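Below is one structure; the comments refer to it alone.
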Amino acid sequence: MTYLKQIEDHIDRFPEMPPLSQQLLGYLHDPQVDFTIIKELVQYDPGLTANILKLANSVHFGAAGKVSSLQTALARLGTEKILELVLSLTVSSRLKVSLPGYGLQAKDLLRHSIWTAVAAQELANLLNMKQVEMIFTVGLLHDLGLLLLDPFIQTERLRFNQAVDAPEASFEQIEQDILGLDHARAGGMILAKWQLTPEIVAGVQGHHQPEQSTQYQDLIFLIHLADMLSLSEGIGTGEYGLQHNVSPHTVKAVGLKKKHLEYVASKTLDKMQELEKILS
Ligand SMILES: [Fe+2]
Ligand SMILES: [Fe+2]
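-5 is the number of the first residue of the sequence shown in this note's numbering; add one for each residue after it.
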């Protein structure tokens, strides 16, 4: 059986979303949703309630005065932010695992994912691209495919190690050559199975080849850039993290200078420390 077929079988067995998250996502795709329905669903989950309150009061969500009621917190956050939060809490426990194939210790992937999500959002703010939807969520989920491919990389360790020694080898191309698909596509397949929106799936699927995407290009360029920034800061590099191709058009295409990138990196660090406390 080819690796591709085996990986597709693994996707079928990849854990579904918890039922509460699934129910919430169903409602949250509707921007006109009645928040009393969301409150009804959330209030019986003390952990989720506590985290919604913490996040509604956090710097990341632009708090203006403390809120203590769940209903106010939900209304303040709005559907997109609640969706971000529910997805963050749903996936954060999965992103904490160690991935020996990629040489990532426990929590490395979670840190890399949060860092990328926050940096992508900061970049969007800096470039006045606030209308880019779902950017935090895509940043957080962009490397979910690593979870799926890690056991196969462990099995093929020798071939991977040989392949990365070749000059200019890009890791996503090596994954494609040895396994039949790269982690970006694997992640997109998981998210499509979870029935997330097309922009989330496309954003994750395209994050290493932004110039090849035909849709949601702004979003994909920002995620790619935030991802590369995160790796260049040494966040979640693992064994092969620095072996990705940086899209030559990215920095130019989004019109950023070095000083902008440094500003984003330092702002990201502040915000991520707060988020890490909530999501770890
Ligand atoms: Fe990636
Ligand atoms: Fe990444």
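All C-beta atoms in this analysis are idealised placements derived from N, C-alpha and C, irrespective of residue type, glycine included.
Predicted model only: the values in this text are computed from it and were never measured.
Query: Cα-Cα separation, L216 to A114; Result: 6 Å
Query: Cβ-Cβ distance between E150 and H238 below 8 Å; Result: no
Query: Closest by C-alpha distance to L89, when choosing among S52, T66 and D137; Result: D137
Query: Around ligand 2, Cβ to any heavy atom closer than 5 Å, ordered along the chain; Result: D137 and D221
Query: For L223 and A196, believed in contact at Cβ under 8 Å, the rounded distance; Result: Not a contact, Cβ separation roughly 21 Å.
Query: D102 beta carbon less than 8 Å from that of G20; Result: no
Query: Ligand 1 heavy atom lying under 7 Å from the CB of A180; Result: no
Query: Cβ-based neighbour list, V61, same chain, cut-off 8 Å, excluding 5 preceding and 5 following; Result: L47, A50, N51, A67 and R70
Query: For L219, the nearest candidate out of Q199, Q206, D171 and L250 (CA to CA); Result: L250
Query: A100 versus S86: straight-line alpha-carbon distance, rounded; Result: 12 Å
Query: Candidates Y257, D171 and H202: closest to G181 by CA position; Result: H202
Query: P204 classed as buried or exposed, judged by whether at least 16 other C-beta atoms fall within 10 angstroms; Result: buried
Query: Reduced DSSP category for L98 - H, G, I as helix; E, B as strand; rest coil; Result: strand
Query: Residue from T244, V80 and D3 whose Cα sits closest to the Cα of M36; Result: The residue asked about is misnamed: residue 36 is Val in this sequence, not Met. Of the listed residues, the one whose Cα sits closest to V36 is V80.
Query: heavy atom of ligand 1 below 7 Å from H243 C-beta; Result: no
Query: Straight-line Cα distance separating K271 from T276; Result: Absent from the model: residue 276. The displayed extent of the chain is -5 to 274, so no value can be given.
Query: Proximal residues to L120 (C-beta, below 8 Å), its chain only, five neighbours per side dropped; Result: L250, H254, Y257 and V258
Query: Buried or exposed by the 16-neighbour rule on C-beta atoms within 10 Å, applied to G228; Result: exposed
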